[in-house]
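Trainee:
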Amino acid sequence: MSLSIGIVGLPNVGKSTLFNALTKSSCAVIANYPFCTIEPNVGVVSVPDDRLAKLAAVVHTDKLIPAVIKFIDIAGLVKGAHEGEGLGNQFLSHIRECDAIGMVVRFFEDPDVIDTRESSDPIENARIIEIELQLADLATVDKRLSAVERELKGLNKEMVYAKSGLLKIKDNLEKGVNARETELTEFEKGALKDLQLLTAKPVLYLANVSEAQIRDSAFIKKLTDGSLGEIFLPISAKIESELFDLSDEEKKIYMKEYGLDSSGLDDVIREAYKTLNLITYFTAGEKEARAWTIVNGMRAPQAAGVIHTDFEKGFIAAETIFWKDLVDLGGWSHARDKGKVRIEGKEYLVKDGDTMLFRFNV
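Residue 0 is where the sequence shown starts when you use numbering that gives the first Met the number 0, and the numbers rise one by one after that.
(1) May I have the straight-line CA-CA distance separating Ser-261 from Lys-323, to the nearest angstrom?
(2) Shortest alpha-carbon distance to Ala-52 belongs to which of Leu-137, Leu-356, Leu-232 and Ala-290?
(3) Using the three-state DSSP reduction, which class does Ala-138 fall into: helix, strand or coil?
(4) Between His-59, Asn-40, Ala-146 and Ser-145, which has its C-alpha nearest Ile-94's C-alpha?
(5) Closer than 8 Å is the cut-off here; do at least three beta carbon pairs connect the region 259-274 with the region 196-211?
(6) Rounded to whole angstroms, what's the CA-CA distance from Pro-10 to Leu-151? Just pull it up for me.
(7) Provide the residue(s) that pair with Pro-233 in DSSP beta bridges, ordered along the chain.
(8) State the Cα-Cα distance for the pair Phe-18 and Arg-105, rounded to the nearest angstrom.
(9) On the three-pair Cβ rule with 8 Å, is the region 139-150 touching the region 165-179?
(10) With DSSP as the reference, label Gly-352 as helix, strand or coil.
(11) Let me know the secondary structure DSSP gives Phe-359 once reduced to three states.
(12) Hey, out of Ser-145, Leu-2 and Asn-155, whose CA is closest to Leu-166's CA?
(13) Closer than 6 Å by C-beta to Gly-352: which residues in its own chain qualify, once you throw out the five before and the five after it? Chain order, please.
(14) With three or more beta-carbon pairs closer than 8 Å as the criterion, would you say the region 225-238 touches the region 275-292?
(15) Return the bridge partner residues of Arg-298 from the DSSP annotation.
(16) Spatial neighbours of Arg-298 within its chain, please: CB distance less than 8 Å, with the 5 preceding and 5 following residues excluded, ordered by chain position.
(17) Within a Cβ cutoff of 7 Å, which residues of the same chain sit near Glu-318, ignoring the five residues on either side of it in sequence?
(18) Going by DSSP, which residues form a beta bridge with Ser-15?
(19) Which two residues bound the contiguous alpha helix (DSSP H) that contains Ala-217?
(20) Cβ of Val-147 within 7 Å of Cβ of Gly-329?
(21) Under a three-way DSSP split, which group does Tyr-257 fall into?
(22) When DSSP labels each residue in this structure, what does Pro-33 get in the three-state scheme?
(23) Give me the residue from Asn-360, Val-305, Ile-71 and Ile-4 with the minimum Cα distance to Ile-387.
(24) Could you give the first and the last residue of the continuous alpha helix (DSSP H) run that contains Glu-173?
(25) Report the three-state DSSP secondary structure of Asn-124 (helix, strand or coil).
(26) Please state whether the Cβ-Cβ distance between Ser-3 and Lys-69 is less than 7 Å.
(27) My assumption, with CB atoms under 8 Å, is that Gln-133 sits in contact with Thr-184. Please give the rounded CB distance.
(28) What three-state label does DSSP hand Ile-6 in the structure shown?
(29) Just to check my reading of the structure: Tyr-257 and Glu-210 have Cβ atoms closer than 8 Å, yes? What is that Cβ distance to the nearest angstrom?
(30) Is Phe-310 helix, strand or coil by DSSP?
(31) Among Ala-20, Val-44, Gly-42 and Leu-54, which residue has its Cα nearest to the Cα of Glu-287?
(32) Would you kindly work out how many angstroms separate the C-alpha atoms of His-333 and Thr-60, rounded to a whole number?
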């Protein structure tokens, strides 16, 4: 599966600077005025994973294929976007295509960067975005409700579940509660699986901070402990952009100056996997060593289907071993000789770090 995160926020909060830094590119236009991004910029980056190179070494392949994550830099949102203000309609349609939302909130102060915010309160500005998404979802729910009520005349049982689910979501949205926080039954979820609501998507709150703020441990603690209402991931778009052309060794030295253990990209990817409940499994052989992203809780046939639908349809079994065991034992043949390779069937729940070879019928 391919993971995509939409980078959103009010105009001039540093979205494009952050996008360029995360994707190590310069395709997003950075300008000191609102709406310099019209069409979304898309960048695909490899998910850092030290395990992959170690696996490649023991199976004697030079071809490494990491998992990837797609970042989408979306036009700035303004109050009234749900009614088409600014680039509202384009903005909302692009968000629908993403797996998760990376909401960039401006915490830094810089008189040289035009500030279009109605309030200097970062939390209030995050709330503006959230309200616009909720209002857009209300319009979507009302439209679906009208269609469902027409179908109910035919006593369609699925429509009964759809209506009850929609009414729960609508009631919450009108109270300012996001769709993802609405408790639905499995029947209601099934009837509404194609609804694609914006506030049903998970959100990563990204606090764009200054160099001084990122050094302030008390301030960072306040961002990350939930005391501001949401848990913010502190990231400095300016620092990340300055890391752009540095070697790995230079990056370590530079980050150490700011008390950083990892880059913003690593932090965002780690939080995205955690928020979306994703894990990584591997395939490794002479042709290639490859990382695959799946949802935690997938069974072996579903995991195989991420490679190809035929693998899932014709699934027989999966030779399975934890990645480190395979590395420590020096490859598949030695691992088999030691009896460390397990044969797992259709009910096996794949774990993070599993390395698998699938057996299937064509």
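A virtual CB, placed ideally from N, CA and C, is assigned to each residue, including glycine.
Mentor: Let me lay it out:
(1) Cα to Cα, Ser-261 sits roughly 23 Å from Lys-323.
(2) The candidate whose alpha carbon is nearest that of Ala-52 is Ala-290.
(3) If DSSP states are grouped into helix, strand and coil, Ala-138 belongs with the helices.
(4) Ranking the options by Cα distance to Ile-94, first place goes to Asn-40.
(5) Here the region 259-274 makes contact with the region 196-211; the two share three or more CB pairs at distances below 8 Å.
(6) Straight-line Cα distance between these residues: approximately 43 Å.
(7) Residue pairing for Pro-233: DSSP places it in a beta bridge opposite Ala-206.
(8) The straight-line gap from Cα to Cα measures roughly 14 Å.
(9) With the cut-off at 8 Å, the region 139-150 and the region 165-179 touch.
(10) Coil, per DSSP.
(11) DSSP places Phe-359 in strand when its eight states are reduced to three.
(12) Just measuring C-alpha positions, the residue of Ser-145, Leu-2 and Asn-155 sitting nearest Leu-166 is Ser-145.
(13) A distance below 6 Å between beta-carbons, with the five flanking residues on each side excluded, links Gly-352 to the following residues of its chain, in chain order: Phe-321 and Trp-322.
(14) Here the region 225-238 makes no contact with the region 275-292; the two share fewer than three CB pairs at distances below 8 Å.
(15) According to DSSP, which records beta bridges pairwise, Arg-298 is partnered with Leu-348.
(16) Contacts found: Lys-345, Glu-346, Tyr-347, Leu-348 and Val-349.
(17) Cβ within range, chain order: Val-340, Ile-342, Met-355 and Leu-356.
(18) According to DSSP, Ser-15 bridges with nothing at all.
(19) From DSSP, the alpha helix (DSSP H) with Ala-217 extends over 216-223.
(20) Cβ distance not < 7 Å, so Val-147 and Gly-329 don't count as in contact.
(21) Correct three-state label for Tyr-257: coil.
(22) Its pLDDT being 39, under 50, Pro-33 is placed unreliably by the model, and nothing is read from it.
(23) In the structure as shown, the chain begins at 0 and stops at 361. Residue 387 is therefore absent and cannot be evaluated.
(24) Unbroken alpha helix (DSSP H) run through Glu-173: 156-173.
(25) In this structure, Asn-124 counts as helix in the three-state DSSP scheme.
(26) Lys-69 sits close to Ser-3, with the two beta carbons spaced by under 7 Å.
(27) Distance from Gln-133 to Thr-184 at the Cβ level is roughly 22 Å; contact not present, criterion being Cβ atoms closer than 8 Å.
(28) Residue state, collapsed to three classes: strand.
(29) That pair is a contact at about 7 Å.
(30) Note: Phe-310 maps to helix in three-state DSSP.
(31) Considering only alpha carbons, the answer is Leu-54.
(32) Going by the C-alpha atoms only, they are around 17 Å apart.
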